[in-house]
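Note that UniProt numbering gives residue 82 to position 82 of the sequence shown, counting from 1, and the numbers run on in steps of one.
Take a look at the structure set out below.
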Amino acid sequence: MHLLVWSVNPGKEQSWTEIEKIRVCVRKRPLGVREMRRGEIDVAKVEEKNSVLVHEKKEAVDLKQYLQQHIFYFDEAFEETCTNYDVYLKTAYPLIQHVFSG
Numbered sequence: 001m002h003l004l005v006w007s008v009n010p011g012k013e014q015s016w017t018e019i020e021k022i023r024v025c026v027r028k029r030p031l032g033v034r035e036m037r038r039g040e041i042d043v044a045k046v047e048e049k050n051s052v053l054v055h056e057k058k059e060a061v062d063l064k065q066y067l068q069q070h071i072f073y074f075d076e077a078f079e080e081t082c083t084n085y086d087v088y089l090k091t092a093y094p095l096i097q098h099v100f101s102g
């Protein structure tokens with residue numbers, strides 16, 4: 001196994017291996033204006049840098065409503081406040097560096 005190391009900030013190194021052929025990354029988006037006008041609520045939250053918590057509205061047999069929580073894990077999860085540049089540095093940049101290094 002070869003280990004490729006890339007650095008975007010001096011002093012902060014992150015690794016990218018040749019074994020990682022596919023990475024699954026998600027980015028949470030904020031509610032849109034129309035969604036907010038309709039009174040919709042935000043049901044997803046980025047918990048950590050690699051997981052998203054989703055709240056699903058459910059109804060029990062006795063007709064009481066409750067929220068069921070689901071957690072989904074990814075290689076990387078980006079919050080709605082992150083920039084396109086942040087996403088680029090963690091996703092496309094290492095791939096481009098790997099391609100150009102041969």
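Don't be surprised by glycine CBs; every beta carbon is placed ideally from N, CA and C.
Between Phe74 and Val26, the C-beta spacing is below 8 Å. Contact between Ser51 and Ile71 holds, with the beta-carbon distance rounding to 6 Å and staying under 8 Å. DSSP lists no bridge partner for Tyr93.
With a cutoff of 8 Å on beta-carbon distance, Glu79 and Arg23 are scored as not near each other. Here DSSP, grouped into helix, strand and coil, assigns Val52 to strand.
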